[in-house]
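A.B. asks: Below are the structure tokens for one structure; questions will follow.
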């Protein structure tokens, strides 16, 4: 009895001097058949911003099978059976304050409730861990821990504001067999059903996405641009907390969120959202684009020498570990001379498809020499199908490596000297990417269900789009008819726009995501009043 009394005193001391409280969720696995579910979850509160009262609860979970990480028996910390805890008159509330896992707390309360009729759980064990150790058997430890922390949320907040998030590896969605390019490039969950193919020579990441297109929301729901339905009351209710996965229910753009998600603590708008702004990925993790870029440029064709390839990556400011080569190569020998001596007359840059899983970028030796001089005026877009022919119909073309390569006249390149990947290549290529998305018609777009009331058939095209994509400011049809109100009137299709906002002055409609966005999307009347701004939004 004396030993139990001493252990009880240790518990009391523990709760007095260890203020932070860490209660794991989902620690009891009935079987290992749930391998795809998360377990051993921490839940922490975080704020969506300094000037907002919005609070969010973020979960941090393990996703590997428990059997992969066998837990050794731990004798460093005192442990009690439920029977011993009951004799000491310990309550479930006390276990909660002592950072016991939620499953243990619930089981213990059930044991207390059934004590008069059953003692089946009497030998269940509670481990009394001392921070920084925690868990059902004290198997976890927090490396970043100081005794002055008052809560788990304070630890996380301080950690992310002390150490910038700088990932060096990918998180991958592994349940689809997708060739995303050279290893370690892989599919991100945001790249599934994002409106275009990310897998090379495969549509698996866009398979079955038509179900979102056909989705029809209830009258008391708001339909996101991606087809998702949310309660109408969530529409434009909090700029810092979008409810649509694509953020289309709030005015804040996806590019704004991407800038904000560089270093900040984890937030719903960064962890559970998709972001635009690059053709490389729709992930909101800014560093993922650089990691993808490095992976894509990590392989070269056998016909291209290593010296040529490394020089090109240096000139293009591609993230890679050859910084010493870049510092020495073009300083010792002019880049132009290296290109003349070591590069072929034409090559793909990078060696694989750059976007849509089937579109390559090629440069000639003259293009590379111009790049070495500080600017690039043209490049070739290559593919081996007829999907994009309509866009390039008036552009000159050449054949290269079993692909047809076009020199787009409409592709704007900066003529001033530039030293960054973004300004040299990404920005003009992203403009081309946004223009070509409407031609990226997959088998999911060609369907017998185009006659549904929720769908719109593009002019002279097999492509069907959801009516929520009509008049949303983005061209989705090859002939841009989805943004032409006159054609919609001529086709008597305005009945499909019942969830759009009607501009009475301009006699047009706009998508609800454009309401109150700081711009006049209808038309200014003679008194400079805009009917889609400063309104009380109702559904």
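Residue numbers (mature numbering (1 follows the signal peptide of the UniProt record, and there is no 0)): -18 to -1, 1 to 521. Glycine residues also receive a C-beta, built at the ideal position from the N, C-alpha and C atoms.
Given a cut-off of 9 Å, decide if residue 478 and residue 452 are closer than it, judged by their beta-carbon atoms.
C.D. replies: Within the chain shown, numbered from 1, the residue matching residue 452 stands at position 470. Within the chain shown, numbered from 1, the residue matching residue 478 stands at position 496. Yes, these two residues count as a Cβ contact at 9 Å.
A.B. asks: Report yes if the CB atom of residue 209 is closer than 9 Å to the CB atom of residue 450, and no otherwise.
C.D. replies: Walking along the chain shown from the start, residue 209 turns up at place 227. Walking along the chain shown from the start, residue 450 turns up at place 468. Their beta carbons are under 9 Å apart, which means residue 209 touches residue 450 by this criterion.
A.B. asks: Residues in its own chain within less than 6 Å of residue 386 by CB, not counting five upstream and five downstream?
C.D. replies: To locate residue 386, count along the chain shown from 1; it is residue 404. Correct list, in chain order: 379.
A.B. asks: Taking the C-alpha atoms as reference points, what is the distance between residue 124 and residue 107?
C.D. replies: For the purposes of this step, residue 124 is identified with residue 142 of the chain shown, where counting begins at 1. For the purposes of this step, residue 107 is identified with residue 125 of the chain shown, where counting begins at 1. Rounded to whole angstroms, residue 124 to residue 107 spans 22 Å at the Cα level.
A.B. asks: Please name the residue in 487, 344, 492, 300 whose C-alpha comes closest to that of residue 271.
C.D. replies: Position 289 of the chain shown, counted from the start, is the residue given in the question as residue 271. With distances taken between Cα atoms, residue 271 lies closest to 300.
A.B. asks: Among 289, 203, 335, 249, which has the Cα closest to the Cα of residue 322?
C.D. replies: As a first step, residue 322 is located in the chain shown; it is residue number 340 there, counting from the start. Comparing Cα positions, the closest option is 289.
A.B. asks: Which one or two residues does DSSP pair with residue 438 in a beta bridge?
C.D. replies: Numbered from 1 along the chain shown, position 456 holds the residue referred to as residue 438. For residue 438, which the question treats as bridged, DSSP gives the partners 447.
A.B. asks: Going by DSSP, name the residue or residues bridged to residue 213.
C.D. replies: Working through the chain shown from its first residue, we reach residue 213 at position 231. Answer is 203, bridged to residue 213.
A.B. asks: Give the DSSP bridge partners of residue 61, in chain order.
C.D. replies: By one-based count along the chain shown, residue 61 stands at place 79. Looking at the DSSP assignment, residue 61 forms a beta bridge with 109.
A.B. asks: Exposed or buried, which one is residue 134 when buried takes at least 16 other CB atoms within 10 Å?
C.D. replies: To locate residue 134, count along the chain shown from 1; it is residue 152. Per the 10 Å Cβ criterion, buried.
A.B. asks: By DSSP, does residue 178 sit in helix, in strand, or in coil?
C.D. replies: Counted from its first residue, the chain shown places residue 178 at position 196. Note: residue 178 maps to coil in three-state DSSP.
A.B. asks: Using CA atoms only, rank isn't needed, just tell me which of 120, 223, 22, 94 is closest to residue 61.
C.D. replies: By 1-based counting over the chain shown, the position of residue 61 is 79. Residue 61 has its Cα closest to that of 120, out of 120, 223, 22, 94.
A.B. asks: Which whole-angstrom value is the C-beta distance of residue 162 and residue 181, which I expect to be below 8 Å?
C.D. replies: As a position in the chain shown, residue 162 is number 180, starting the count at 1. As a position in the chain shown, residue 181 is number 199, starting the count at 1. Right, the Cβ-Cβ distance comes to about 6 Å (below 8 Å), so this counts as a contact.
A.B. asks: Taking all protein chains shown into account, decide if residue 501 is buried (16 or more other Cβ within 10 angstroms of its Cβ) or exposed.
C.D. replies: Counted from its first residue, the chain shown places residue 501 at position 519. It is exposed - the Cβ of residue 501 has fewer than 16 other Cβ atoms within 10 Å.
A.B. asks: Go ahead and label residue 159 buried or exposed: buried means 16 or more other beta carbons lie within 10 angstroms of its beta carbon, across all protein chains shown.
C.D. replies: Taking the first residue of the chain shown as position 1, residue 159 is located at position 177. With fewer than 16 Cβ atoms within 10 Å of its Cβ, residue 159 is classed as exposed.
A.B. asks: Candidates 128, 247, 173: which alpha carbon is nearest residue 41's?
C.D. replies: By 1-based counting over the chain shown, the position of residue 41 is 59. The shortest C-alpha separation from residue 41 is found at 247.
A.B. asks: So residue 471 is in the alpha helix (DSSP H); what residue range does that whole segment cover?
C.D. replies: Sequence index remark: in the chain shown, residue 471 carries index 489 (1-based). Unbroken alpha helix (DSSP H) run through residue 471: 467 to 472.
A.B. asks: Comparing alpha-carbon positions, which option in 150, 343, 126 lies nearest residue 140?
C.D. replies: Stepping through the chain shown from its first residue, residue 140 is reached at position 158. The shortest Cα separation from residue 140 among 150, 343, 126 belongs to 126.
A.B. asks: So, under 8 Å CB-CB, residue 491 and residue 467 are touching, yes? Tell me the CB distance rounded to an integer number of Å.
C.D. replies: Here residue 491 is taken as the residue at index 509 of the chain shown, counted from 1. Here residue 467 is taken as the residue at index 485 of the chain shown, counted from 1. About 7 Å separates the two Cβ atoms, so the contact holds.
A.B. asks: Assign residue 33 to one of three DSSP states: helix, strand, or coil.
C.D. replies: Residue numbering aside, residue 33 sits at position 51 when the chain shown is read from its first letter. At residue 33, the pLDDT of 47 sits below 50, so the modelled position is not reliable; the number obtained from the coordinates is stated separately. Coil, per DSSP.
A.B. asks: Output the distance between the C-alpha atoms of residue 286 and residue 325, rounded to the nearest integer angstrom.
C.D. replies: Position 304 of the chain shown holds residue 286. Position 343 of the chain shown holds residue 325. Residue 286 and residue 325: Cα-Cα distance of roughly 6 Å.
A.B. asks: Using a threshold of 9 Å, state whether the C-beta atoms of residue 92 and residue 101 are closer than that.
C.D. replies: Translated into the one-based positions of the chain shown, residue 92 becomes position 110. Translated into the one-based positions of the chain shown, residue 101 becomes position 119. No.
A.B. asks: Is it the case that the Cβ atoms of residue 336 and residue 411 are separated by a distance below 9 Å?
C.D. replies: Here residue 336 refers to the residue found at position 354 when the chain shown is read from its first residue. Here residue 411 refers to the residue found at position 429 when the chain shown is read from its first residue. Result yes, Cβ atoms of residue 336 and residue 411 sit closer than 9 Å.
A.B. asks: Which term fits residue 55, buried or exposed, when burial requires 16 or more other beta carbons within 10 angstroms of its beta carbon?
C.D. replies: Numbered from 1 along the chain shown, position 73 holds the residue referred to as residue 55. Classification of residue 55: exposed, given that the 10 Å Cβ count is below 16.
A.B. asks: According to DSSP, residue 362 sits in a beta bridge with which residue or residues?
C.D. replies: Counted from its first residue, the chain shown places residue 362 at position 380. Paired residues: 344.
A.B. asks: Is the stretch 343 to 359 touching the stretch 188 to 204 in the sense that three or more CB pairs, one from each, lie closer than 8 Å?
C.D. replies: Touching, no, given that fewer than three Cβ pairs across the two stretches are closer than 8 Å.
A.B. asks: Could you name the residues that DSSP lists as bridge partners for residue 41?
C.D. replies: Numbered from 1 along the chain shown, position 59 holds the residue referred to as residue 41. Bridge partners of residue 41: 25.
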